[in-house]
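Notes to accompany the following structure.
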Amino acid sequence: MSLPVFGIEKIFNLPYKKEDFKIVYHAPINMTVIPEAHKHDFFMLLVISQGSGVHTIDFNDYKVSARSVFFLAPGQAHHWQLSKNTSGYQVMFSAEFMLQKGPLWPFFTPSSKPVLKLDNAQYDQLFRELQLMEQETTAIITQHRLQIVLLLLQRWYAAIHPEEVAAAGNHLVNRFLLLLEKHYAQYHEVAYYAAKLHVTASYLNQVCKKETGKTAGAYIRERLLLESKRMLTLTDMDIKEIAFTLGFNDTSYFSRFFRKYTLLTPMDFRRQL
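Position 88 of the sequence shown, counted from 1, bears residue number 98 in the working numbering, the numbering being contiguous throughout.
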């Protein structure tokens with residue numbers, strides 16, 4: 011069984027198959043506990059006005075507190091446990107609804123920190139923008155208001171995580187990360203991505219290292235390990251199936267790869283959960 015994927019219409023039981031945008035203010039939030047991890051096929055901002063709890067995103071726990079913003083990209087696994095008084099905005103939108111398709115928004119990349127703590131002035135400004143967005147009925151204006159919100163969040167995010175913004179802002183790194191997200195399960199070698207980008211593998215590694223502190227090879231390994239953990243935790247696929255799905259023709263090689271970077275075999279990782 012694969013990890014369930016929820017669309018916007020599934021979350022809100024909408025009477026149509028797909029919607030590109032939805033904003034809801036929860037006072038308090040209507041689902042304080044989501045015990046089982048799932049993933050979405052849309053982007054989401056969770057803006058916490060007040061409350062507490064834990065939001066688990068891709069196996070990492072993040073503290074929920076007032077004036078915090080959580081970022082979720084399509085495919086990320088998450089669940090949460092929130093206090094009953096938790097309130098705030100939930101903004102959901104498809105990739106097609108976004109005006110800016112690239113460069114990558116730094117907070118939506120797979121390796122980014124998915125939470126941002128705002129000060130009082132930042133939160134007040136964001137809250138006003140979200141209120142205007144909620145009241146808007148014209149799609150094109152809503153798209154521009156969403157763009158403003160994302161740009162504000164990017165400005166504040168850059169002050170806390172400059173290395174993430176450097177990765178998203180560099181044209182070569184940006185194109186590499188987009189390619190990686192499409193092909194990580196088929197191609198594991200830096201040389202493949204370098205050839206697609208018309209540079210050498212050495213140059214691609216150097217640029218990634220300079221801009222982000224990580225080589226292109228490290229990005230590939232981290233992406234494979236993340237998807238491995240998702241499958242081991244959230245599906246009942248056996249190790250051979252997971253290895254094959256992620257482009258490993260040899261199950262024993264996949265197990266060695268996983269153990270080298272986690273210090274656990276895939277089966278031991280699954281058993282400890």
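Note that beta-carbon positions come from the ideal geometry of N, C-alpha and C, so glycine has one too.
Completely contained beta strand (DSSP E) runs for the stretch 25-91, where each covers 3 or more residues: Listed in chain order, they are 31-36, 43-50, 53-60, 63-67, 70-74, 78-82.
Cβ pair count under 8 Å reaching 3, the stretch 41-50 against the stretch 199-214: Contact fails: fewer than three Cβ-Cβ distances are below 8 Å.
Best match in ASN130, ALA149, PHE69, GLU199 for proximity to GLU29 [C-alpha to C-alpha]: Comparing Cα-Cα distances from GLU29 to each of ASN130, ALA149, PHE69, GLU199, the minimum goes to ALA149.
Span of the beta strand (DSSP E) around PHE103: Looking at the DSSP string, the run of the beta strand (DSSP E) that includes PHE103 is 97-103.
Pair within 8 Å by beta-carbon distance, GLU347 and THR119: This structure leaves residue 347 out entirely; the chain is present only between 11 and 283.
Any alpha helix (DSSP H) of 4 or more consecutive residues that is wholly inside the stretch 176-253: Within the stretch 176-253, the complete alpha helix (DSSP H) runs of at least 4 residues are 181-193, 200-206, 211-222, 226-244.
Cβ separation of PHE81 and PHE137, assumed to be a contact under 8 Å, to the nearest whole Å: Not a contact, Cβ separation roughly 17 Å.
Opening and closing residue of the alpha helix (DSSP H) in which LEU142 lies: Counting along the chain, the alpha helix (DSSP H) containing LEU142 begins and ends at 130-145.
PHE186 and TYR203 closer than 8 Å at C-beta: PHE186 places its beta carbon less than 8 Å from that of TYR203.
Run of the beta strand (DSSP E) containing LEU126, from where it starts to where it stops: That run of the beta strand (DSSP E) goes 125-127.
Distance between LEU236 and PHE279 (C-alpha atoms, nearest Å): Rounded to whole angstroms, PHE279 to LEU236 spans 12 Å at the Cα level.
HIS65 to LYS239 span [Cα, whole Å]: When rounded, the distance between both Cα atoms is 18 Å.
Candidates GLU232, ASN180, ARG269, ILE67: closest to TRP90 by CA position: The shortest Cα separation from TRP90 among GLU232, ASN180, ARG269, ILE67 belongs to ILE67.
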